Amino acid sequence: FDNLQDICPTDTTKKQTIFINGLPCKSPDRIFASDFKSTKLRDAGDTDKFPYSSLTLVTAADFPGLNTLGLSVARTDLDVDGMVVPHTHPRASEMLFVFKGVVIAGFVDTNRQVFQVMLKAGEVCVFPRGLLHFGFNVGYEFATVFSVLNSQNPGVVSISDAAFSDFDTIDDLVRKFIPFLCWTIRVSEMSHFQDNKLKIMKHHI
156 FDNLQDICPT DTTKKQTIFI NGLPCKSPDR IFASDFKSTK LRDAGDTDKF
206 PYSSLTLVTA ADFPGLNTLG LSVARTDLDV DGMVVPHTHP RASEMLFVFK
256 GVVIAGFVDT NRQVFQVMLK AGEVCVFPRG LLHFGFNVGY EFATVFSVLN
306 SQNPGVVSIS DAAFSDFDTI DDLVRKFIPF LCWTIRVSEM SHFQDNKLKI
356 MKHHI
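To get our numbering, take the position in the sequence shown, counting from 1, and add 155.
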């Protein structure tokens, strides 16, 4: 649906007593330029604990200027071998931009086909709405990615949380699997590099 006014920053000063498909707007005489700025994505998150990543999601509830615009934004920080566990956003597609580092990102469609790409700083990929997606830091340095989602409340469904009740068990499995996966990807990259190097040498010979 189309907005009925130009701007409608969230009124965060009052307790919500009427529940609508969205958030109540501020009175026009209390709207300021600061409503359209946020510093919540400025600082890196804590990546010390498994899975060595941190997500900061900013929605219209935290960033008043986003209200009624159908947008939310996020920052994900990943330590070396860190991962974004498989999850979905039932109400949003996501565009991911790699600010720093090397990241493997991908999604799985309803035919169980995996679409996976390697992204370096400055590169972008998209995850279609509602599809399972994931990410790994496969570089040798800290990685930071930013995302824009086309919903002011995209929702998050974690597959591990939804499918497993024994969280310690699944946590242990993932802990063992991720280092092996990252090692496999790096070996594959090195083999690809060596193959290209041999082809170049043969060409020159």
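Heads up, the beta-carbon is just placed ideally off N, CA and C, and yes, glycines get one too. Only a predicted model underlies this, so the values are computations on that prediction, with no experimental measurement involved.
Checklist entry - Apart from the five residues just before and just after D232, which ones in its own chain have a Cβ nearer than 6 Å to its Cβ? => result Same-chain partners within the cutoff: A199, G200, T202, S209, T299.
Next on the checklist: A247 and G290 - do their beta-carbons sit closer together than 8 Å?
Outcome noted: No, the Cβ-Cβ distance between G290 and A247 is not below 8 Å.
Checklist entry - Curious, which full-length beta strand (DSSP E) runs of at least 3 residues does the region 176-256 contain? => result If only complete runs of 3 or more residues are kept, the region 176-256 shows the beta strand (DSSP E) at 208-213, 227-233, 238-243, 249-255, in order along the chain.
Item to check | S313 versus G285 - alpha carbon distance | outcome: Taking the straight line joining both Cα atoms gives about 12 Å.
Checklist entry - Sorted by chain position, which residues of the same chain lie with C-beta nearer than 8 Å to F335's C-beta, five sequence neighbours on each side aside? => result Residue confidence for F335 is low, a pLDDT of 49 falling below 50, so the modelled location carries little weight; the figure read from the coordinates is stated next. Counting only Cβ-Cβ distances below 8 Å, and skipping sequence neighbours, we find nothing.
Next on the checklist: As a quick exercise: from K195, A215, K169, pick the residue whose alpha carbon is nearest that of I162.
Outcome noted: Taking I162 as reference, the option from K195, A215, K169 with the minimal CA-CA separation is A215.
Checklist entry - Alpha carbon to alpha carbon, how far is F187 from D236? => result If you draw a straight line from the Cα of F187 to the Cα of D236, it is about 42 Å long.
Checklist entry - What is the rounded straight-line gap between the Cα of Y207 and the Cα of L287? => result So the two alpha carbons sit approximately 20 Å from each other.
Checklist entry - Looking at C-alpha atoms only, which residue of T165, G294, D234, F252 is the closest neighbour of F301? => result Answer by Cα proximity: F252.
Checklist entry - Excluding the five sequence neighbours on either side, which residues of its own chain have a C-beta within less than 6 Å of the C-beta of E249, listed in chain order? => result Taken in chain order, the residues that qualify are F282, S302, L304.
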